[in-house]
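2 protein chains.
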Amino acid sequence: MDQLTIIPPRSGTAFILRKGQQLKVVDVEGEQVSDFICYNLDDRAEYLSSGRTIDYAETIFLTKGHPFYSNRSNIMFELVEDTVGRHDFLLTPCSADTFRIIYGHTHPHRGCFGNLCEALKEYGISPDAIPICFNIFMHVTVNGETGRVDVLPPKSKAGDYVILEAKTDLLIGMTACSAEMSNNYSFKPIGYQILN
Amino acid sequence: MDQLTIIPPRSGTAFILRKGQQLKVVDVEGEQVSDFICYNLDDRAEYLSSGRTIDYAETIFLTKGHPFYSNRSNIMFELVEDTVGRHDFLLTPCSADTFRIIYGHTHPHRGCFGNLCEALKEYGISPDAIPICFNIFMHVTVNGETGRVDVLPPKSKAGDYVILEAKTDLLIGMTACSAEMSNNYSFKPIGYQILN
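Printed below as a string of structure tokens:
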């Protein structure tokens, strides 16, 4: 674990993952979500698309073995290991607006959205270019009859992880999520490591 | 019905809807989907966001009474009438890639995506700026246990409609959907009318 880079609670980072490299994302303490987004490093208008990925996978629950597609229907990465098996790919990152609208906060935190904006800014990514994220370890249930969406505590325990493999050069933005409900009401770090 | 503008089968269009105006979208013959997307007319980097809308509504099934949010968490329109009550907001528009990847077509149709690209081009919208659409009348089921997504024939019958009311000036792109499965394997027109 000492080779892990740590994303402190309620913060975010951005970095490059080259084609063929694997990224391990670790829930260090358990029950902590990481919002994940990526772009084609060489043409950053191409981004990870939940709509394309869900359409081609025919499931809203993406896990080991699933390819993740861009808005241009190219495979950006594949999930090659997953010790949890439950993540979200429906919701946008939490933001000041989320905290205002859902939680009623009057002085809201900037959330994962604000953290991703800051981390990705130096790479030329504008706030409008941050779409629905792959929310690693986020536990969202959908009632198939009513459509109701609920956010439950993550199923991940300390040390649980996913590994993804880049299929093209990627610019990645990642957070340790800032939303109370998503993280069972305590904010913890996220660890990551580029494996090769 | 003679005041309806008709979108011919497997095609698309774009037009402006001003704040306060209502738009009626009619399934003229029944079992026909219309992919719908909109942008803030005055700043087209602001677009309809499925992720924000689902998050704030706490349901994947949007219907009468629901506000629809932009990526900047502003309300773009509200659904004020809905005779069907079942639409999709998870999937990206069908495209040549959809037909290639899901249907195995070797000479694929350009799909709703291609039709939206063409219709929105003159308004300065690039293909990369066309995200997940609100797929009116599209009947998508989600198995809450497994996550499995299935596309069923629309529940809409001839004459069924929705009415939405613009909360800001909108640039709208709309289609008569081109995907076999989504429209019970026959391609029909879609009608629309600006009510006031």
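Going line by line, the protein sequences match chains W and L. Take the first sequence: its letters are residues 5 to 200, numbered as in the numbering used here. Take the second sequence: its letters are residues 5 to 200, numbered as in the numbering used here. Positions of the beta carbon are idealized from the N, C-alpha and C atoms, including for glycine. The model shown is predicted, which means the values in this text are computed figures rather than measured ones.
Which same chain residues end up closer than 7 Å to residue i when comparing Cβ atoms and leaving out the 5 residues on each side of it in sequence?
i                      : result
residue 12 of chain L  : 180 and 193
residue 115 of chain W : 97, 98, 99, 100, 102, 103, 182 and 183
residue 67 of chain W  : 83, 86 and 89
residue 58 of chain L  : 64 and 93
residue 19 of chain L  : 176
residue 123 of chain W : 16, 17, 18 and 177
residue 109 of chain W : 103
residue 185 of chain L : 155
residue 131 of chain L : 121
residue 52 of chain L  : 41, 42, 72, 74, 80 and 138
residue 46 of chain L  : 173
residue 91 of chain W  : 66, 138, 139, 140, 141 and 142
Provide the residue span of the alpha helix (DSSP H) that contains residue i, from first to last.
i                      : result
residue 207 of chain W : Beyond the ends of chain W as shown, which are 5 and 200, falls residue 207 of chain W; an answer cannot be given.
Ignore the nearest five residues each way along the sequence and tell me which others in residue i's own chain have a CB closer than 6 Å to its CB.
i                      : result
residue 50 of chain W  : 44, 74 and 76
residue 167 of chain W : 26, 28, 84 and 85
residue 117 of chain W : 97 and 99
residue 39 of chain L  : 97, 116, 137, 139, 179 and 181
residue 70 of chain W  : 61 and 83
residue 195 of chain W : 8, 10, 30 and 32
residue 21 of chain L  : 27, 170, 174 and 176
In chain order, what residues of the same chain have a beta carbon less than 8 Å from the beta carbon of residue i, not counting five sequence neighbours either side?
i                      : result
residue 200 of chain L : 24, 25 and 26
residue 148 of chain L : none
residue 190 of chain W : 35
Less than 8 Å between the C-beta atoms of residue i and residue j, yes or no?
i                      : j                      : result
residue 54 of chain L  : residue 8 of chain L   : no
residue 159 of chain L : residue 143 of chain L : yes
residue 62 of chain W  : residue 37 of chain L  : no
residue 172 of chain W : residue 156 of chain W : no
residue 151 of chain L : residue 65 of chain W  : yes
residue 120 of chain L : residue 198 of chain L : no
residue 175 of chain L : residue 56 of chain L  : no
residue 81 of chain W  : residue 170 of chain W : yes
residue 112 of chain W : residue 135 of chain L : no
Note the first and the last residue of the continuous beta strand (DSSP E) segment covering residue i.
i                      : result
residue 30 of chain W  : 26-31
residue 18 of chain W  : 16-21
residue 214 of chain W : Outside the shown range of chain W, which is 5 to 200, sits residue 214 of chain W, and nothing can be said about it.
residue 110 of chain W : Neither: residue 110 of chain W is in no beta strand (DSSP E) and is coded neither H nor E.
residue 11 of chain L  : 9-11
What ranges does the alpha helix (DSSP H) occupy inside the stretch 53-101 of chain W, keeping only unbroken runs of at least 4 residues that lie completely in it?
Scanning the stretch 53-101 of chain W from its first residue to its last, the whole alpha helix (DSSP H) runs of 4-plus residues come out as 54-61.
Beta strand (DSSP E) segments (min. 3 residues) lying fully within the stretch 117-196 of chain L:
Under the rule that a run must span 3 or more residues, the beta strand (DSSP E) segments found entirely inside the stretch 117-196 of chain L read 138-140, 143-146, 153-156, 164-170 and 174-179.
I'd like to know if the stretch 118-138 of chain W and the stretch 14-24 of chain L are in contact, where contact means that at least 3 CB-CB pairs between them fall below 8 Å.
no
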